[in-house]
Each structure stands twice: as C-alpha cells, then as structure tokens.
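In what follows, a single structure is set out as structure tokens and then discussed.
There are 2 protein chains.
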Amino acid sequence: MTDLQLNGRSIAFLGPPGTFSHSAVLKVFGPDAPLLDCATIDDVFAAVSADRARYGVVPVENSTEGAVNNTMDCLVATDLKIVAEVVVPIEHHFMKAPGTGLNQLHKVVSHKQSLAQCRKWLVANWPGLSLEEAASNAQAAKIAAEQPGVAAIAGKMAATAYGLEIVASAIQDQKDNSTRFLVLGKQERKPTGRDKTSTLIYTENRPGALFRVLEPFEQHGVSLTRIETRPSKKEVWDYVFFIDFEGHAHDEAVHQVLTSLSDRTVEVKLLGSYPMASPDPLPKS
Amino acid sequence: MTDLQLNGRSIAFLGPPGTFSHSAVLKVFGPDAPLLDCATIDDVFAAVSADRARYGVVPVENSTEGAVNNTMDCLVATDLKIVAEVVVPIEHHFMKAPGTGLNQLHKVVSHKQSLAQCRKWLVANWPGLSLEEAASNAQAAKIAAEQPGVAAIAGKMAATAYGLEIVASAIQDQKDNSTRFLVLGKQERKPTGRDKTSTLIYTENRPGALFRVLEPFEQHGVSLTRIETRPSKKEVWDYVFFIDFEGHAHDEAVHQVLTSLSDRTVEVKLLGSYPMASPDPLPKS
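As structure tokens, this is what we get:
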C-alpha cells in the first residue's frame, strides 16, 4: 500500500478487470480505489493527462520478455511523472470455456507479451493453434468465453472473472516471471532515502556518445539499475536511451551527474524520482 | 549482391514468398538462389544449424519499432555466425481481397512488428478493426485472400503474390522506415577493411558493470554502432547486452578490447564479424 493520495479520484489502468495491471492497482492502492479501465496503454496516459484519473498504472518491463515498447514510446511523448513502481509476479494459465472440448480448440488468444512469454510451451504443447493478439489478457479471456473453439492465456483473476476452466497452470517459459509496473501522475515525489530516478537521454549521434553519458554516473558513484535503447523515431538508426538509476533528483550526487550531462550537451528528460519497489532484488547496471 | 558462395544449396528465410525477408534474400543473393521458406524465425536458425540450408536470413532491427526480440533470443542460444547484414526499406500497404467491400472489413491481420509500425495510422483510420497477429506479412496477405472481411498489412510483393488490392499505400507511421536483416551461416568472414562485429555480453550483476564494459572500447578507439538490452532469462531482472561495433575480430584494436574485457571477467560471445551494409548511414553508439 502507498501513501499516494487519491482524494476520491480514480486510477486508470489497462482493463478490463482481471488484467495483471488490475493486480498491480490492487497491490498499490488496495481494493477500495475507484477504477477507470482503459482499452490501451495510450489511453491510460491520456486519461491521467486530461485529469480523468488521478493516477495511471502501466506495465513497463517483464523479466522474461523485456521492455513494453508501447509504454516506452508513450514515456517519450508524455509530460506525466513516474510517481511509483510496483512488481507483480506473473503466472500464465491456458484456459477455455467449460463447453469447449480440447479437440475443438483451433486458436489461442492473449496479449502479445503473454504469447511471447509462453512461446516455447505453445510450440511444444499446441503447435497447431493459430495465435491471435488481444489488447489485454482479460480481453482474451472474454473472447474465449464468447467464441467456441478459442482458448486464452491469462491470469487466474481473468479465469474467475469470465468463468473459464484452467487446462494447464503456470505455462510461462520462465517459471520465475515478474512484471514491473509504473504509476503515473502529475506531482513530484519527495525523497524517501531509498529512491530511484528514471530518465530519457538523447545523445549526439557520434562515436563514444554512450560512454560519455555513463562516465558522470561512474565519477559520482551513482548506480545504474537499467538501460534500454529505443529508436528515436526522428531519423533512421538514431536511438534514445532510457536510463534508470539509484537516488532522487534532489540528491547531491544525482544533481552533479545531471549538471555534468548538461555540460556534455546531452539532453536529459527527467521522467521522475520515486521510491524503489521492495523487496525484489535490484537489477544490475 | 554478395561473394557468399551457395554451392547449389539453399537460403532459409521467414516465408512464405512475398515477405520482407524474401526481399532481403533477393537483395543479397539475387533471383536465382534456391529458397527454403520457414514458418518462424526459430525454424530459420534450426534449418541452417541442421544443414538443411547454407544460409539463413532473419530480421534483427527495424528503424521505427526497434529490436526483433525473437531473433535476439535465438542469437543467445545459437552457435551460428552472422556472416552479412542487409538493410531493406520497408513500405507497408493496407490491402484487401478484390471481392471484399471496405464496409465489410472487421479485422486486419499482419506480423506484430508491422501492426506496431502502423499503430497510429490504424487508430486514426480504422479504429473499429480488431487486430490479429500472423507469423509474417505474406501469411497475413494469404489470410486476407482467403477470408472475407479480413484486411492485411503487407508489402507490395505480398499483394501481388496473393492477388490483393492495395487500398492505402505507405501507411507506416514513420515514412523513413527500414529493417536490418542478418545473414546467418557457419563459416567466419575474412576482414574486408570495412567490417562490423556483433557480440553478446554477460556482465557481473553489480553497479558500474556496463561502464566497465564500455571503457575498453573508449580506450582503444573502437566505435559502438548499437547496444541492446535483453533479459538474461537466467535470473529475474538480470540482463545481457548486445553490442555491435566497427571493426573485425582480427583487427588489433578489437583484439585489445576483447582481451581487456576478458581481464575484467566479462563474458563475451562473438556472434560474428562481417562487412558493413552500405550505403546506409551509420547508427550512433
């Protein structure tokens, strides 16, 4: 549970109810928070920007499948701040409607990240099924409940919500599988003494540019926790870097790193400083 | 065209005929090379490993949508070498069967990267269509040719191959859009004087690890061209780095970098040294 204040306002998340995003909302805000379920990640960002919700919850990274590119690309464009992070263990189940026989299944529907996380299991166990991408796992469960012959891959919450039978449990290729979610809002968080800062970094397009970005972190003893590369979408084969590190933007060492980056004509967009999720192990630089 | 010798053997690629992978094969090997079309990227790797094909061609990176994760994950597991790279400009078209009216369309099928590359156009122009993922663009065109009411997003080659009508041309969100493909094989390439080397790097899971990986490149004046992060799939929130740089593994400076990395107990898997694609602009470090 969090100290983030709702003041009676709602939480936007990737719906419908029963998604892992919904689980993340429950973990942060508890069962009584008013919910605004959104059809896409873009809609979650838009709902918070337009004050239709106080906070938004979006997946940013899965421990098996990597970055959630939609969220990364929305972070490039948004003025929202990251105000918290939360890690949710992910178990995927293979499920079908009670009236559908196993030999009638011809298609499996799920979110693309979930299909990717269960790729090996599907090839080994259901090589004949066609794969269909749904906007969310819960949406996939809804489709499986309505369409004969269609199976879904989703979490237990979704099976319960749509009355499906679980045929096989914990089918994700990596048994120890978690997703990290971000909470988006408009205010900045105060330092707690155990914080993380997320940045988006635009470097010059020349040799050694990334090294010159990392050097100030090393000089000032600031530990990186994650680095991701995405196309800049400005010119072909031009990249931006998402760099997360330990500390709050108001910390002296972090301030020195940011000043040093600015001296090196590196453009830094501060995405937010927020309390580190615990007790999950820290990722490496 | 390339100096890679086929000796009468075939090229494995992500089929069916008409995919952008097929275009990449034509660009490297010309129209007379015997083809082995594969259903998945994993199958392309397997075909070359098992000597069912001499070379394999797989997409590795799109300039708008970023890394092709399937290929990255296959590179972790394979013993194959990267022997060449080729860049293909990508134009996506929205297409349908001649007998289908525009008002009958209820679904659009494409490869997940293509759906991602046309996300904004689809939201703006066809917000009501459900999205379905196919194994390739050409497979999507085949489905659109067979199923009434289904549109496809694919290249011109696929429209021609399956007799579809192009409704809207060049619909990708980023007009300047290219995909980089790798050619996989079993032999090593000799230095040409204008080469690139791809590596997979496992660092210690502790602060400053990435900095210590990049330092030798800076010290020996070796320019990075790309860095990508992927989950290691060994432990949660543990990462591996894909680092591409200028030069051949037999070059003196590169040799010094590799020795220095080895001294730092960084594990390096050499994925291959191969001639740089031209005349495309070089990416930055």
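Chains as they are written, first to last, in the numbering used here: chain X, 529 to 813; chain S, 529 to 813.
Note that beta-carbon positions come from the ideal geometry of N, C-alpha and C, so glycine has one too.
Given a cut-off of 8 angstroms, decide if K718 (chain X) and K609 (chain X) are closer than it, judged by their beta-carbon atoms.
For the purposes of this step, residue 609 (chain X) is identified with residue 81 of the first sequence, where counting begins at 1. For the purposes of this step, residue 718 (chain X) is identified with residue 190 of the first sequence, where counting begins at 1. At least 8 angstroms separates the beta-carbon of K609 (chain X) from that of K718 (chain X).
Along chain X, in chain order, which residues have C-beta atoms closer than 7 angstroms to that of V785 (chain S)?
Taking the first residue of the second sequence as position 1, residue 785 (chain S) is located at position 257. The premise fails here: V785 (chain S) is roughly 12 angstroms from chain X at the closest Cβ pair, so nothing lies under 7 angstroms.
L630 (chain S), buried or exposed, once every other Cβ within 10 Å from all chains shown has been counted against 16:
Taking the first residue of the second sequence as position 1, residue 630 (chain S) is located at position 102. Burial call: exposed.
Give the residues of chain S in contact with T757 (chain X), contact being defined as C-beta atoms less than 9 angstroms apart.
Walking along the first sequence from the start, residue 757 (chain X) turns up at place 229. The contacting residues are G594, A595, R754, I755, E756 and T757.
In three-state terms, what does DSSP make of V553 (chain X)?
As a position in the first sequence, residue 553 (chain X) is number 25, starting the count at 1. V553 (chain X) falls in the helix class under three-state DSSP.
Proximity test, Cβ basis, 8 angstroms: E661 (chain S) and chain X:
Working through the second sequence from its first residue, we reach residue 661 (chain S) at position 133. Yes - at least one Cβ of chain X is within 8 angstroms of the one on E661 (chain S).
Closer than 8 angstroms is the cut-off here; do at least three beta carbon pairs connect the stretch 614-630 of chain S with the stretch 669-687 of chain S?
yes
Where does R758 (chain S) sit, in a helix, a strand or coil, going by DSSP?
Translated into positions along the second sequence, residue 758 (chain S) becomes position 230. Note: R758 (chain S) maps to strand in three-state DSSP.
Could you tell me whether the Cβ atoms of L742 (chain S) and T731 (chain S) are closer together than 8 angstroms?
In the second sequence, the residue the question calls residue 742 (chain S) occupies position 214. In the second sequence, the residue the question calls residue 731 (chain S) occupies position 203. Going by C-beta atoms, L742 (chain S) is not nearer than 8 angstroms to T731 (chain S).
Going by DSSP, what residues sit across from P803 (chain S) in a beta bridge?
Here residue 803 (chain S) refers to the residue found at position 275 of the second sequence. Paired residues: S:D723.
7 angstroms Cβ cut-off: residues of chain X touching L742 (chain S)
In the second sequence, counting from the first residue as 1, residue 742 (chain S) sits at position 214. Ordered by position in chain X, the residues that pass the 7 angstroms Cβ test against L742 (chain S) are L738, F739 and L742.
Taking the C-alpha atoms as reference points, what is the distance between D808 (chain S) and R708 (chain S)?
For this step, residue 808 (chain S) is matched to residue 280 along the second sequence. For this step, residue 708 (chain S) is matched to residue 180 along the second sequence. Bear in mind that a pLDDT of 48 at D808 (chain S), under 50, signals an unreliable position, so the number given afterwards is only what the model happens to contain. Approximately 10 angstroms between the Cα atoms of the pair.
Just how far apart, CA to CA, sit P617 (chain S) and R758 (chain X)?
Looking up residue 617 (chain S) in the second sequence gives position 89. Looking up residue 758 (chain X) in the first sequence gives position 230. Their Cα atoms are separated by approximately 19 angstroms.
Any C-beta of chain X under 8 angstroms from that of Q702 (chain S)
Here residue 702 (chain S) refers to the residue found at position 174 when the second sequence is read from its first residue. True, the Cβ-Cβ gap to chain X drops below 8 angstroms.
Buried or exposed (CB count within 10 angstroms, at least 16 for buried), S697 (chain S):
Numbered from 1 along the second sequence, position 169 holds the residue referred to as residue 697 (chain S). So S697 (chain S) ends up on the exposed side.
Would you kindly work out how many angstroms separate the C-alpha atoms of N705 (chain S) and L643 (chain S), rounded to a whole number?
As a working note, residue 705 (chain S) is residue 177 in the second sequence. As a working note, residue 643 (chain S) is residue 115 in the second sequence. Their backbone Cα atoms lie some 14 angstroms apart in a straight line.
Best match in X:D607, X:A567, X:N590 and X:G536 for proximity to D766 (chain S) [C-alpha to C-alpha]:
Counting from one through the second sequence, the residue named residue 766 (chain S) turns up at place 238. Considering only alpha carbons, the answer is X:N590.
Using a Cβ distance threshold of 8 angstroms, determine whether the stretch 596-609 of chain X contacts the stretch 646-655 of chain X, with at least three qualifying pairs required.
no
Start-to-end residues for the beta strand (DSSP E) that takes in V588 (chain X)
For the purposes of this step, residue 588 (chain X) is taken as residue 60 along the first sequence, with counting starting at 1. V588 (chain X) -> beta strand (DSSP E) spans Y583 to N590.
Which residues of chain S have a Cβ atom closer than 9 angstroms to the Cβ of K624 (chain X), listed in chain order?
Along the first sequence, one-based indexing puts residue 624 (chain X) at 96. Chain S residues near K624 (chain X): none, gap ~19 angstroms exceeds 9 angstroms.
Could you list which residues in chain S have their beta carbon closer than 7 angstroms to that of R761 (chain X), in chain order?
Here the question's residue 761 (chain X) lines up with position 233 in the first sequence. It should be noted that the sequence gives Lys, not Arg, for residue 761 (chain X). Within chain S, the residues near K761 (chain X) are T592 and Q702.
Could you compute how far the alpha carbon of V796 (chain X) sits from the alpha carbon of D772 (chain X)?
Sequence index remark: in the first sequence, residue 796 (chain X) carries index 268 (1-based). Sequence index remark: in the first sequence, residue 772 (chain X) carries index 244 (1-based). C-alpha separation (whole angstroms): 12 angstroms.
Buried or exposed: where does H620 (chain S) fall if 16 or more other Cβ atoms within 10 Å of its Cβ makes it buried?
Reading the second sequence from its first residue, position 92 is the one you call residue 620 (chain S). With 16 or more Cβ atoms within 10 Å of its Cβ, H620 (chain S) is classed as buried.
Taking the DSSP output, what are the residues bridged to F769 (chain S)?
Translated into positions along the second sequence, residue 769 (chain S) becomes position 241. Partner residues in the beta bridge of F769 (chain S), as assigned by DSSP, are S:I729 and S:T757.
Under DSSP, the alpha helix (DSSP H) around E838 (chain S) begins and ends at which residues?
The requested residue 838 (chain S) does not occur in the structure, where chain S is confined to residues 529 to 813.
Please state whether DSSP places L738 (chain S) in a helix, a strand or coil.
As a first step, residue 738 (chain S) is located in the second sequence; it is residue number 210 there, counting from the start. Of the three classes helix, strand and coil, the one that applies to L738 (chain S) here is helix, per DSSP.
Which residues of chain X have a Cβ atom closer than 7 angstroms to the Cβ of K797 (chain S), listed in chain order?
One-based indexing of the second sequence puts residue 797 (chain S) at position 269. Neighbours of K797 (chain S) on chain X: none; closest Cβ ~18 angstroms, over 7 angstroms.
Under 7 angstroms between beta-carbons, which chain S residues line up against E746 (chain X)? List them in chain order, please.
For the purposes of this step, residue 746 (chain X) is taken as the residue at position 218 of the first sequence. Near E746 (chain X) (Cβ distances below 7 angstroms), the residues of chain S are G736 and F739.
Mind checking whether L564 (chain X) and A575 (chain X) have CB atoms under 8 angstroms apart?
Residue numbering aside, residue 564 (chain X) sits at position 36 when the first sequence is read from its first letter. Residue numbering aside, residue 575 (chain X) sits at position 47 when the first sequence is read from its first letter. It is a contact, given that the beta carbons lie within the stated cut-off.
Under DSSP, the alpha helix (DSSP H) around I699 (chain S) begins and ends at which residues?
Start at 1 with the first residue of the second sequence, and residue 699 (chain S) comes out as number 171. That residue, I699 (chain S), is in no alpha helix (DSSP H); it is neither H nor E in DSSP.
Note down, in chain order, every chain S residue with its Cβ under 8 angstroms from the Cβ of K640 (chain X).
Residue 640 (chain X) sits at position 112 when you count from the first residue of the first sequence. The answer, in chain order, is K640 and E661.
Can you tell me whether T720 (chain S) is buried or exposed? The criterion is at least 16 other CB atoms within 10 Å of its CB, across all chains shown.
Within the second sequence, residue 720 (chain S) is the residue found at index 192, counting from 1. That one is exposed.
Does the Cβ of Q667 (chain S) have 16 or more other Cβ atoms within 10 Å, making it buried, or fewer, making it exposed?
Taking the first residue of the second sequence as position 1, residue 667 (chain S) is located at position 139. Buried, because 16 or more other Cβ atoms sit within 10 Å of the Cβ of Q667 (chain S).
Using only the alpha-carbon positions, how far apart do G763 (chain X) and I699 (chain S) sit?
By 1-based counting over the first sequence, the position of residue 763 (chain X) is 235. By 1-based counting over the second sequence, the position of residue 699 (chain S) is 171. According to the sequence displayed, residue 763 (chain X) carries Glu and not Gly. So the alpha carbons of these two residues sit roughly 17 angstroms apart.
Hey, does A644 (chain X) have any beta-carbon neighbour from chain S nearer than 8 angstroms?
Within the first sequence, numbered from 1, the residue matching residue 644 (chain X) stands at position 116. At least one chain S Cβ lies under 8 angstroms of A644 (chain X).
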